[in-house]
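Following: one structure in structure tokens, then a few remarks.
In structure tokens form, the structure reads like this:
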């Protein structure tokens, strides 16, 4: 764990609220999410489809399509500066320079009509004002660093000529070209085969250490989280239900959702006769249940769960969960 | 090795329900605009031998391009094999006329990965489930209606949903519709092609449990194709691992997961991230990319990535040989095992 002395976090998301739809008929996609990311830390954000994990990441870079979506409340502080108030020009300076992002599908993030070398060079020319030759030389170095074979030849290839794993390496090269302080990786290995996924995760971990960069890793894969991150936040239906060090959350999961989610993974390590399931399904944004959003699926739900959203309880230093039942243990 | 005997069928079992020998599918690559001519071939499936016993689940795993999906379609003759034989219940399917094959398909069904893509968006659930019955002229309108209700009940869909359209359902519910459709004709054998890959983990568990319950209830035989080794460990009795069109290892589940013999199987298992932070893994057990199936490496297809590669591996393709009881692998480096002579050293 990082020694969280008085040093303020590099990035801090405070009570973020993101809504979709026309005023008066908004649907709340992110409902009061607070997260912080320290310098050099790897934070995982996990949850199932529609829980708001990707939207949280997009909010940081102000990439939510507006309309229909918008940030309706909260602050996002980067080194103390509130990004929710930053203008487009300011954001363009920050994107790729201070905070970079990589996505699940590199083919859609790369421009199909430009050569790989030009795409890496563009970032460097825009942010670091490098000349064409310098940018190309630096692009070559980056390709080597991200483990691309025959880098000189690859500089002049187009994205469609490369495999999925190689495209993701190119995306990483582009993202890291200007040595950002923060890398947001949104399901970076979900589209890849497992042996290639392992290579990309290894690469990200090495680069993160080498550059001392902070990483926010968005994923649905609890195995990836367990192996890669320092701290993890579990999201459900637009809220964080549990957060803590990866060891605490995985070994002492305290929110019923986290516990059930971990148990429902078909594990390679042991053999269960039946998989644990979570009854029902994730609620849609238009029909969010009142109170604790998980209560309709929760085996331990009680009447009070329907009435109000549970507050966060600190179970142990740095380990919090939002469940009424935790209050009992504390007071009873 | 553990002392418990493999649960699946072994040594002296009756004839398998499905028997595949020398199965090959080469897709020609055409070149030329006016007079397209074949200029090479993608060797999607390159000589497979395997059996599946009645009531058994054979898991078929491998990474993209290994040929697992094509294998599932070849077995059902949705794609015509280039060579080899597929026997179902003792009958050679490849020699059957199309009309006869259509009849056999009542017994052989498929469940797809993407239930949304495989369900007609303009048909209601009851139309979707009724369609196979109508096509095969089974029963009258009333008895088909009863069957549709029964199918919905069996897969856990409420009967009020009968008149809804696929887009009104979640991914998990759509997969239940896909499963119900596959069951409509009371098949004996189902090819399950990545049936839970597109689902969230909590929903995936529901569908996996459902498929196992249905297997027990109806005595179904599954060819379960997946890239997720955890899911396969959970549903399969035996597992075959494919790499670039070939089976590199096939064994009972216990053997395959606890003592994998082929270097590729070992690497594949080692690459799966374990959801337990204290089990710190060396993340990347393999270097290099998966070669293209249109131009696979000579000799052993895996030799370009194998940590134990020898000269012989580059020249000569290894055959699938016994390496343990009910356990076969295709690797030059493994000592053959004499299956007749039971206990090995």
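Chains as they are written, first to last, in my numbering: chain Z, 7 to 338; chain V, -1 to 343.
All C-beta atoms in this analysis are idealised placements derived from N, C-alpha and C, irrespective of residue type, glycine included.
Nearest-angstrom Cα separation, counted from residue j out to residue i
| i | j | result |
| --- | --- | --- |
| residue 137 of chain V | residue 130 of chain V | 11 Å |
| residue 303 of chain Z | residue 196 of chain Z | 27 Å |
| residue 226 of chain Z | residue 93 of chain V | 46 Å |
| residue 198 of chain Z | residue 63 of chain V | 12 Å |
| residue 175 of chain Z | residue 149 of chain Z | 8 Å |
| residue 163 of chain V | residue 122 of chain V | 5 Å |
| residue 321 of chain Z | residue 329 of chain Z | 11 Å |
| residue 228 of chain V | residue 274 of chain Z | 5 Å |
| residue 62 of chain Z | residue 241 of chain Z | 10 Å |
| residue 83 of chain V | residue 89 of chain V | 10 Å |
| residue 111 of chain V | residue 205 of chain V | 12 Å |
| residue 193 of chain V | residue 209 of chain V | 10 Å |
| residue 10 of chain Z | residue 117 of chain Z | Because residue 10 of chain Z sits at a pLDDT of 49, beneath the cut-off of 50, its placement in the model cannot be relied upon, and the following sentence gives the value as read from the coordinates. For residue 10 of chain Z and residue 117 of chain Z, the distance between alpha carbons rounds to 40 Å. |
| residue 307 of chain V | residue 257 of chain V | 20 Å |
| residue 243 of chain Z | residue 299 of chain Z | 7 Å |
| residue 71 of chain Z | residue 77 of chain Z | 10 Å |
Contacts around residue i, its chain only, beta-carbon distance under 6 Å, and the 5 residues preceding and following it disregarded
| i | result |
| --- | --- |
| residue 246 of chain Z | 39, 239 |
| residue 194 of chain Z | 108 |
| residue 26 of chain V | 36, 39 |
| residue 144 of chain Z | 130 |
| residue 112 of chain Z | 173, 174, 177 |
| residue 152 of chain V | none |
| residue 269 of chain V | 283 |
| residue 237 of chain Z | 49, 251 |
| residue 106 of chain Z | 181, 186, 189 |
| residue 258 of chain Z | none |
| residue 47 of chain V | 19 |
Buried versus exposed, by CB contacts within 10 Å (16 or more), residue i
| i | result |
| --- | --- |
| residue 37 of chain V | exposed |
| residue 75 of chain V | buried |
| residue 160 of chain Z | buried |
| residue 25 of chain Z | buried |
| residue 180 of chain V | buried |
| residue 37 of chain Z | buried |
| residue 124 of chain V | buried |
| residue 196 of chain V | buried |
| residue 158 of chain Z | exposed |
| residue 119 of chain V | exposed |
| residue 2 of chain V | With a pLDDT of only 43 at residue 2 of chain V, under 50, the local geometry of the prediction cannot be trusted, and the value read off the model is given with reservation. Classification of residue 2 of chain V: exposed, given that the 10 Å Cβ count is below 16. |
| residue 132 of chain V | exposed |
| residue 41 of chain V | buried |
| residue 13 of chain Z | exposed |
| residue 276 of chain V | exposed |
| residue 290 of chain Z | exposed |
| residue 237 of chain V | buried |
| residue 65 of chain Z | buried |
| residue 59 of chain Z | buried |
Given residue i as reference, the closest of the options once Cα atoms are compared
| i | options | result |
| --- | --- | --- |
| residue 114 of chain V | V:57, V:172, V:195, V:90 | V:172 |
| residue 220 of chain V | V:233, V:226, V:227 | V:233 |
| residue 41 of chain Z | Z:34, Z:32, Z:52 | Z:52 |
| residue 326 of chain Z | Z:255, Z:296, Z:276 | Z:255 |
| residue 170 of chain V | V:207, V:146, V:303, V:54 | V:207 |
| residue 69 of chain Z | Z:45, Z:102, Z:55, Z:47 | Z:102 |
| residue 52 of chain V | V:191, V:15, V:255, V:43 | V:15 |
| residue 70 of chain V | V:147, V:98, V:30, V:191 | V:191 |
| residue 28 of chain V | V:165, V:292, V:301 | V:292 |
| residue 31 of chain Z | Z:164, Z:115, Z:293 | Z:293 |
| residue 279 of chain V | Z:110, Z:204, Z:33 | Z:204 |
| residue 200 of chain Z | V:86, V:159, V:59 | V:59 |
Neighbourhood of residue i by C-beta, 7 Å cutoff - its chain only, sequence neighbours within 5 removed
| i | result |
| --- | --- |
| residue 134 of chain V | 104, 183 |
| residue 21 of chain Z | 38, 40, 79, 80 |
Same chain, Cβ closer than 8 Å to residue i, neighbours up to 5 away in sequence not counted
| i | result |
| --- | --- |
| residue 61 of chain V | 225, 241, 266, 288 |
| residue 212 of chain V | 152, 153, 177, 181, 218 |
| residue 284 of chain Z | 263, 266, 267, 270, 303 |
| residue 320 of chain V | 326, 334, 335, 336, 337 |
| residue 218 of chain Z | 45, 46 |
| residue 75 of chain Z | 24, 25, 26, 35, 61 |
| residue 175 of chain V | 113, 117, 123, 126, 127, 153, 155, 164, 167 |
| residue 142 of chain V | 128, 131, 132, 136 |
| residue 286 of chain V | 302, 303 |
Task: At least three beta-carbon pairs within less than 8 Å, the region 212 to 220 of chain Z to the region 111 to 131 of chain Z - done: Too few Cβ pairs lie closer than 8 Å, so no.
- [ ] Determine contact between the region 306 to 314 of chain Z and the region 84 to 104 of chain Z, defined as no fewer than three beta-carbon pairs at a distance below 8 Å.
- [x] Contact between the region 306 to 314 of chain Z and the region 84 to 104 of chain Z is absent: fewer than three C-beta pairs spanning the two stretches fall below 8 Å.
Task: Inter-stretch contact (C-beta, 8 Å, three-pair minimum) for the region 300 to 315 of chain V and the region 312 to 320 of chain Z - done: Counting Cβ pairs under 8 Å, fewer than three are found: no touch.
- [ ] Identify each residue in the region 169 to 183 of chain Z for which the Cβ-Cβ distance to at least one residue of chain A is less than 9 Å, and report them in chain order.
- [x] Here the protein chains are Z and V, and chain A is not one of them.
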